[in-house]
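Novice: Numbering (mature numbering (1 follows the signal peptide of the UniProt record, and there is no 0)), first residue to last: -29 to -1, 1 to 815. For glycine and all other residues, C-beta sits at the position ideal for the given N, C-alpha and C. Below you'll find the structure I mean.
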């Protein structure tokens, strides 16, 4: 952390212990120093409210000395201001003096000037009684001790911020002196030297207030424009905005009698928010952090590109625009952005398309102008009459629709927000609006097509089945039904303009001969689909269609549909269609299928260690999976989900992610299996509703179980459950703690709140585990099982959090749905079921 890591402590090295104890007493605090006193090492000034302290300090690893202000007697000592950031003292000889001109100076043992509060030595005015005072706000000030009332400070530390912004501190610019007030990160967690990141407030003439984080001169992220109440993204505090002839700035005001709030510009290029409980003197990191996600990266999608965390890829073009450089975009380099699909001609037919819920574009570099006293309708007219105007908006929520912000160039750094978004009106060519006007007619035609097309498709399918029946005498049952399935699969993908699937179709006779017929001795287990067998191919029939696909001596797994199974041809087709298109090291590989008569089989690569649940829930085997192995399994499952949710051709929701569907190869690498219940989405689809809720109790998300609503966030919930099971070795369904009735999720949440998350760990992992890795895994799992889908991270964020050591947002209480156990009052299912009853859930 810029002002010390939260796990580090600040060391104050007193030079004269007795003198220090005399000045800093519990009975009364020292809050001023007059001209007759000097501050030496070991002597400090304490604010009247005893929250802040001013004096000398050094960091944990460095022996150099600094003069600064810090929070006093807190669990984690945080420095909020440093005088000599660039010129530390190398010994304990430093002294601070206050002269008759009201200038505070820091000198070393050789009387060499290290730092002074004024950059000018020409000030000859004498101050009657100059004093230094540390205010209750944390502001170190120099003032005339004889002055009465609201005097002007001679100097104040708040005018020279470090890396921390606290309530009452200005961010902006003094237009008279030209002095800018901005944050600069430390060089490292233990080095106050100014780092390469800064946080700056920007408002040029005619532009609109914005806050940037920069790395040197390059913008890293942007808070978003000011909407009259707050910035588009900001911590939980009020904003006061001031702009006049003398200065322009904003101030965060955090009004609380029991806590304090601060923002820190971190050395690694992030902005973190911390809250201090004044009663316990404990620090808590809040969830507000920037950049929060990839869409917070400045200009990620280039000109006229829009970023969304709900789609993949994250970048897309605004309506009326197309990709400028498809080759770069295919390589996930979106900075080239988008260009207009149809050029503007400034004709009368041009208009503006409304985009809702947006982060308004950047206003820097003079490409935007703000006029405060005109309405939104007048703003539209003004923008339309200026051929150079590309977009307009009313950014100010507090003026009843008055206020006009216009852009005169490319629109940069646009994204969608689920909350706090604003309306943006973008200029489009006249021909674009002709298309928009005709869209209603197209929608009517689409309704007709949606009604007629299924009927025609049904007739075509019926005709196809009849044709296949007529031709059945020319081929075997396997060939006939196999071709029907193959036609179905190809037809399914041709409708999506995808290539047909090339999945080998095996005859039952060929499989039977190659495996010496099925034997009960080779049965591996049985799931919702049916029994699964293991076979080693001993003989490849010369005339069999297995040759060239499978090899002699190869081990395979055959999943055979059971007559008693609730699943049937639909799930079978779904699995063939889904998994055949998926190729990833963490997904089980489909080698072929067979359908003949009453036999329906899927042929997979054989996974020698079978499924994950055989290990983590078995007391005799769980010790075979040490912590590094389990962590590798967690990473592998996340990698497989990343492919399914974002990297594959189609977005796939598995809907039955559980320990029994995670198979392990020879090296204990995980592979996700069983795609019979999976659903595929095309384009920007990411969620759906169903009246038939299927899956495994204990892993189903609350919104899916109760309302039939599923999405990629349903898999995220299941993943979170799975991680907690891997860490604890306990099943979510069936777990009841002896001290309470919470399920595994509730128990993990209870331990997290008590700071005892390590108590959750499987006892077999104690010797091999890394405490920090376990705690991070549990924390991420709790983020994944939050009640509301929108609060859960997407899988890309999960993979990033698993692979990094950065700070994590705080989770909310988990959502619970585990049927069959007692539940506490906190472990309940929402009462409204929206016409979907729990009896419709099909357990697997």
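Please determine if the region 134 to 145 and the region 214 to 234 are in contact, where contact requires at least 3 C-beta pairs separated by less than 8 Å.
Specialist: yes
Novice: Return yes when the Cβ of residue 751 is within less than 9 Å of the Cβ of residue 773, no when it is not.
Specialist: In the chain shown, the residue the question calls residue 773 occupies position 802. In the chain shown, the residue the question calls residue 751 occupies position 780. Yes, Cβ-Cβ distance for residue 773 and residue 751 is below 9 Å.
Novice: Using the rule of at least 16 other Cβ atoms within 10 Å of the residue's Cβ for burial, across every protein chain shown, is residue 366 buried or exposed?
Specialist: Numbered from 1 along the chain shown, position 395 holds the residue referred to as residue 366. Buried, since its Cβ has 16 or more Cβ neighbours within 10 Å.
Novice: Quick one: is residue 645 buried, meaning 16 or more other Cβ sit within 10 Å of its Cβ, or exposed?
Specialist: Residue mapping note: residue 645 aligns to position 674 of the chain shown, counting from 1. Answer is buried; the Cβ neighbour count reaches 16.
Novice: In the DSSP assignment, what are the bridge partners of residue 278?
Specialist: By 1-based counting over the chain shown, the position of residue 278 is 307. Per DSSP, 286, 386.
Novice: Closer than 8 Å by C-beta to residue 746: which residues in its own chain qualify, once you throw out the five before and the five after it? Chain order, please.
Specialist: The residue you call residue 746 lines up with position 775 of the chain shown. 728, 729.
Novice: When DSSP labels each residue in this structure, what does residue 305 get in the three-state scheme?
Specialist: In the chain shown, residue 305 corresponds to position 334, counting from 1. In the structure shown, residue 305 sits in coil (DSSP, three-state: anything other than H, G, I, E or B).
Novice: Is it true that the region 756 to 765 meets the region 678 to 690, where meeting means three or more beta-carbon pairs spaced less than 8 Å apart?
Specialist: yes
Novice: Taking the runs of the beta strand (DSSP E) that are 3 residues or longer, which of them lie wholly in the region 596 to 661?
Specialist: Taking only runs of at least 3 residues, the beta strand (DSSP E) segments lying wholly in the region 596 to 661 are 622 to 624, 633 to 635, 641 to 643, 650 to 652, 658 to 660.
Novice: Short check: CB of residue 246 to CB of residue 261, under 9 Å?
Specialist: Residue numbering aside, residue 246 sits at position 275 when the chain shown is read from its first letter. Residue numbering aside, residue 261 sits at position 290 when the chain shown is read from its first letter. In this structure, residue 261 does not lie closer than 9 Å to residue 246 by Cβ.
Novice: Would you mind stating whether residue 769 and residue 753 have Cβ atoms separated by less than 9 Å?
Specialist: By 1-based counting over the chain shown, the position of residue 769 is 798. By 1-based counting over the chain shown, the position of residue 753 is 782. It is not a contact, given that the beta carbons lie outside the stated cut-off.
Novice: By alpha-carbon positions, which one of 377, 293, 153 ends up nearest to residue 333?
Specialist: Sequence index remark: in the chain shown, residue 333 carries index 362 (1-based). For residue 333, the nearest C-alpha among the options comes from 377.
Novice: Going by C-alpha to C-alpha distance, which of 34, 725, 615, 210 sits closest to residue 649?
Specialist: Stepping through the chain shown from its first residue, residue 649 is reached at position 678. Residue 649 has its Cα closest to that of 615, out of 34, 725, 615, 210.
Novice: For residue 53 versus residue 38, is the C-beta spacing smaller than 9 Å?
Specialist: Mapped onto the chain shown, residue 53 falls at position 82. Mapped onto the chain shown, residue 38 falls at position 67. Yes, the Cβ-Cβ distance between residue 53 and residue 38 is below 9 Å.
Novice: Which runs of the alpha helix (DSSP H), 4 residues or longer, sit entirely within the region 548 to 586?
Specialist: none
Novice: By alpha-carbon positions, which one of 775, 169, 598, 586 ends up nearest to residue 633?
Specialist: Taking the first residue of the chain shown as position 1, residue 633 is located at position 662. Of the listed residues, the one whose Cα sits closest to residue 633 is 586.
Novice: Residue -12: buried (16+ other C-beta within 10 angstroms of its C-beta) or exposed?
Specialist: Counting from one through the chain shown, the residue named residue -12 turns up at place 18. Note that residue -12 scores 25 on pLDDT, short of 50, meaning its location in the model is unreliable and no value can be drawn from it.
Novice: Starting from residue 329, follow the beta strand (DSSP E) in both directions and report where the run begins and ends.
Specialist: Taking the first residue of the chain shown as position 1, residue 329 is located at position 358. Note, residue 329: beta strand (DSSP E), 322 to 330.
Novice: The alpha helix (DSSP H) with residue 697 in it runs from where to where?
Specialist: Along the chain shown, read from residue 1 onward, the residue named residue 697 stands at position 726. From DSSP, the alpha helix (DSSP H) with residue 697 extends over 683 to 699.
Novice: Using alpha carbons as the reference points, say which of 569, 642, 277 lies closest to residue 550.
Specialist: As a working mapping, residue 550 is identified with position 579 in the chain shown. Closest by alpha carbon: 642.
Novice: Alpha carbons only, please: which of 492, 21, 621 is nearest the one belonging to residue 250?
Specialist: Taking the chain shown and counting its residues from 1, one reaches residue 250 at position 279. Out of 492, 21, 621, 21 has the C-alpha closest to the C-alpha of residue 250.
Novice: I need the straight-line Cα distance from residue 395 to residue 596, nearest angstrom please.
Specialist: For the purposes of this step, residue 395 is taken as residue 424 along the chain shown, with counting starting at 1. For the purposes of this step, residue 596 is taken as residue 625 along the chain shown, with counting starting at 1. Going by the C-alpha atoms only, they are around 54 Å apart.
Novice: When the Cα atoms are used, what is the spatial distance from residue 300 to residue 268?
Specialist: Position 329 of the chain shown holds residue 300. Position 297 of the chain shown holds residue 268. Distance between the alpha carbons of residue 300 and residue 268 is about 16 Å.
Novice: Rank 184, 699, 637, 295 by C-alpha distance to the C-alpha of residue 273 and give the top, closest one.
Specialist: Position 302 of the chain shown, counting from 1, holds the residue named residue 273. If we check each option's Cα against that of residue 273, 295 comes out closest.
Novice: Cα separation between residue 764 and residue 303?
Specialist: Along the chain shown, one-based indexing puts residue 764 at 793. Along the chain shown, one-based indexing puts residue 303 at 332. In a straight line, the C-alpha of residue 764 is about 21 Å away from that of residue 303.
Novice: Any idea what DSSP makes of residue 107, helix, strand or coil?
Specialist: Locating residue 107 in the chain shown gives position 136, counting from the first residue. Looking at residue 107 - three-state DSSP - the assignment turns out to be coil, as it is neither helix nor strand.
Novice: By Cβ distance below 7 Å, which residues in the same chain neighbour residue 218 in space, the five residues on each side in sequence not counted?
Specialist: Working through the chain shown from its first residue, we reach residue 218 at position 247. Cβ neighbours of residue 218 beyond the five flanking positions: 143, 144, 145, 146.
Novice: How big is the Cα-Cα spacing for residue 515 and residue 501?
Specialist: Here residue 515 refers to the residue found at position 544 of the chain shown. Here residue 501 refers to the residue found at position 530 of the chain shown. With a pLDDT of 47 at residue 515, under the threshold of 50, the modelled position of that residue is not reliable, and the figure given next carries that caveat. Roughly 25 Å separates the two Cα atoms.
Novice: Is DSSP giving residue 39 helix, strand or coil here?
Specialist: For this step, residue 39 is matched to residue 68 along the chain shown. Reduced to three states, the DSSP call for residue 39 is strand.
Novice: Hey, out of 42, 11, 31, whose CA is closest to residue 19's CA?
Specialist: Along the chain shown, read from residue 1 onward, the residue named residue 19 stands at position 48. Taking only the C-alpha atoms, the option nearest residue 19 is 42.
Novice: Going by beta carbon distance, what residues of the same chain come within less than 7 Å of residue 756, once the five residues before and after it are set aside?
Specialist: Counting from 1 along the chain shown, the entry for residue 756 is found at position 785. So the qualifying residues of the chain are 688, 691, 692, 716, 785, 786.
Novice: Residues in its own chain within less than 6 Å of residue 739 by CB, not counting five upstream and five downstream?
Specialist: The count along the chain shown starts at 1 and reaches residue 739 at position 768. For residue 739, where only same-chain residues beyond five positions count, the Cβ hits under 6 Å are 597, 598.
Novice: Hey, would you say the C-beta of residue 359 is under 8 Å away from at least one heavy atom of the ligand SAH?
Specialist: No copy of the ligand SAH occurs in the structure displayed, which carries no ligand at all.
Novice: Is residue 502 helix, strand or coil by DSSP?
Specialist: One-based indexing of the chain shown puts residue 502 at position 531. In the structure shown, residue 502 sits in a strand (DSSP, three-state: E or B).
Novice: Quick check on DSSP: helix, strand or coil for residue 311?
Specialist: Reading the chain shown from its first residue, position 340 is the one you call residue 311. In this structure, residue 311 counts as strand in the three-state DSSP scheme.
Novice: My output table needs one value for residue 348: the three-state DSSP class, helix, strand or coil.
Specialist: Here residue 348 is taken as the residue at index 377 of the chain shown, counted from 1. If DSSP states are grouped into helix, strand and coil, residue 348 belongs with the helices.
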